[in-house]
Amino acid sequence: MEEWDEYYHSMHGAYNEAVHVYIQSGLNFWNSNYNLDNTKCRIFEMGFGTGLNTLLSLESANEQNLNIQYETIEPFPLDYQEIKDLNFEPFFNQKKSEALFKKLHLAPWEQTSQINEHFNILKKKTTLSDFNPQTNYDLIYYDAFGSRVQPEMWSEEALLPLIESLAYQGVFVTYSAKGSVRRILESFGLNVFRIQGPPGKREMLRAIRL
């Protein structure tokens, strides 16, 4: 969104940030600590954006033989040509990653699509304020624009419905380390931890419902 003077991903590296915040600190952490019966992982992502977090989750599902039910919302979807112009191709370690990335973007909105045997996705074109969670999520990726341009996305009112939808032993991760966000998450009864952030950011937040 150029008019907000914001980037979809950190200037210090979209790929490295996504891997650290959402895969290593989110999906891999949940899978190692709380996926005791090897059931499917139900993920919600706030902000589909470029689809990079989604692709990385799909690749992880393939690598770990994990079944993922993925739900995401995006009020302002980019078209696939705009995505291609961002030049993510150097991060694709093999041709099939590029094919899966395209498949994720071309999947229709408002209906569940089976991407492969490990991964299905439901994309909804809506705002968080209009979204009504219908699932108990094991993992929430909170990847909204920063509070400088969208302070309402980091309020109690915005976060409460998602936190209420977080399953027992569910994990909430975000690149933000703001004290106000930490206090809101704690006020909702989550165990909140400041952990090592991605390159260029000292800390991030991870919260767990226990």
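In this text, residue positions in the sequence shown follow my numbering: the first is 1, and each later residue adds one. Glycine included, every Cβ here is placed at the ideal spot set by N, Cα and C.
Have a look at the DSSP bridge pairing and note the partners of residue i.
i	result
Ser113	Ile121
Thr293	Only positions 1 to 210 of the chain appear in the structure, and residue 293 is not among them; the question remains open.
Ile68	Cys41, Phe119
Met46	Ile73, Tyr142
State buried or exposed for residue i, treating a residue as buried only when at least 16 other CB atoms are found within 10 Å of its CB.
i	result
Pro198	buried
Gly47	buried
Leu55	buried
Val149	exposed
I'd like to know whether the C-beta atoms of residue i and residue j end up nearer to each other than 9 Å.
i	j	result
Phe44	Leu139	yes
Phe119	Asn67	yes
Lys40	Ile73	no
Leu205	Val192	yes
Asp130	Tyr22	no
Glu186	Ile195	no
Ala167	Arg42	yes
Tyr34	Val173	no
Leu104	Gly26	no
Check each candidate in the options and name the one with the smallest Cα separation from residue i.
i	options	result
Ala207	Leu162, Glu157, Ile121	Leu162
Val19	Asn116, Ser32, Asp37, Ser60	Ser60
Tyr15	Leu86, Pro77, Asp79, Leu78	Leu86
Lys123	Phe76, Gly179, Arg182	Phe76
Gly13	Trp154, Asn33, Asn53, Arg42	Asn53
Gln69	Phe188, Met153, Leu58, Asp79	Leu58
Glu71	Lys102, Gln134, Glu157	Gln134
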